[in-house]
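Report on one structure; see the data block that follows.
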Ligand SMILES: Nc1ncnc2c1ncn2[C@@H]1O[C@H](COP(=O)(O)OP(=O)(O)OP(=O)(O)O)[C@@H](O)[C@H]1O
Ligand SMILES: [Mg+2]
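Residue numbers (this note's numbering): 1 to 234.
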């Protein structure tokens with residue numbers, strides 16, 4: 001298994017946020033993590049990347065226990081994140097933001113990676129000299145995705161990639177996520193837009209106040225009355 005969480009509990013101070021979560025992403029899968037506000041979705045991604053450590057339980061990559069690994073080690077092992085709210089360096093150019101994505105792998109041979117990113121996002125080639133802080137929301141999302149791809153990830157973690165985008169851009173964004181997945185990158189995607197996410201994912205998990213209350217193949221979840229209840233029952 002590419003990624004496994006085993007009975008993970010994560011705390012912020014005294015407050016337990018994740019209540020014993022187990023989930024998997026197999027090589028080549030696209031999995032979505034659904035749930036209402038404050039259910040622990042971003043905390044789950046932060047726990048996978050190592051920004052926060054679980055108090056109990058394990059994070060495994062390729063079956064190896066990486067729970068004590070630092071963030072850079074995990075990125076070098078193939079994880080990348082498109083964080084909530086993009087988190088670009090606003091005073092740096094598009095090009096410089098993209099380059100940062102490749103820093104941990106030595107930042108070498110960037111031309112192929114730039115080509116790949118510019119093929120997905122032609123707009124970013126046009127805007128390569130522009131300060132990231134002056135881009136539109138949709139363009140900033142492209143940079144955040146491009147930056148993550150620059151590290152040549154095996155597993156891409158995405159935290160609400162369609163947040164703040166117009167309906168037309170949301171459609172376009174989901175298509176690009178599908179395209180990225182089709183190139184062999186595994187995906188774990190947090191989304192509030194359950195129907196859209198399930199329509200492109202292989203499987204899904206539903207979080208409610210730090211617990212997984214439902215999981216299964218995307219096609220089953222799409223039909224699920226429990227899914228509606230899980231959201232309403234928060
Ligand atoms: N650094 C922190 N310190 C203390 N509490 C935190 C911290 N980060 C998150 N929390 C709390 O943990 C809970 C889960 O937050 P999290 O960001 O994981 O939720 P989420 O499911 O991503 O929500 P949203 O859909 O609003 O992004 C929330 O109650 C939040 O206030
Ligand atoms: Mg969140």
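The beta-carbon is built from N, C-alpha and C at its ideal position, and this holds for glycine as well.
C-beta atoms of residue i and residue j nearer than 8 Å
i, j, result
"residue 181", "residue 30", "yes"
"residue 151", "residue 80", "yes"
"residue 147", "residue 110", "no"
"residue 93", "residue 128", "yes"
"residue 40", "residue 198", "no"
"residue 251", "residue 217", "No statement about residue 251 is possible, as the shown extent of the chain runs from 1 to 234 and does not include it."
"residue 48", "residue 18", "no"
"residue 42", "residue 22", "no"
"residue 194", "residue 45", "no"
"residue 106", "residue 153", "no"
"residue 59", "residue 5", "yes"
"residue 149", "residue 95", "no"
"residue 244", "residue 120", "This structure gives no information on residue 244, because the portion of the chain shown stretches from 1 to 234."
Beta-carbon contacts of residue i that lie in its chain and below 7 Å, excluding the five residues immediately before and after
i, result
"residue 63", "1"
"residue 141", "86, 161, 165, 173"
"residue 125", "118"
"residue 178", "200"
"residue 137", "164, 165"
"residue 69", "50"
"residue 91", "131, 133"
"residue 104", "72, 75, 76, 151"
"residue 26", "1, 2"
Check: residue i C-beta below 7 Å from any heavy atom of ligand 2
i, result
"residue 42", "yes"
"residue 159", "yes"
"residue 84", "yes"
Nonlocal neighbours in the same chain, by C-beta distance under 8 Å from residue i, ignoring five residues either side
i, result
"residue 51", "71"
"residue 167", "none"
Residues near residue i by beta carbon distance below 6 Å, same chain, minus five either side
i, result
"residue 97", "88, 89, 132, 143, 147"
"residue 32", "189, 191, 197, 201, 204"
"residue 221", "198, 204, 227"
"residue 56", "9"
Residue i Cβ short of 7 Å to ligand 1 heavy atom set
i, result
"residue 192", "yes"
"residue 30", "no"
"residue 260", "With the chain running from 1 to 234 in the structure shown, residue 260 is simply not present."
"residue 164", "no"
"residue 97", "no"
"residue 197", "no"
"residue 38", "yes"
"residue 92", "no"
"residue 17", "yes"
"residue 35", "yes"
Point to revise | Given 8 Å, three or more beta-carbon pairs between the region 149-166 and the region 188-203 | key: Contact holds between the region 149-166 and the region 188-203, because three or more Cβ pairs, one in each stretch, are under 8 Å apart.
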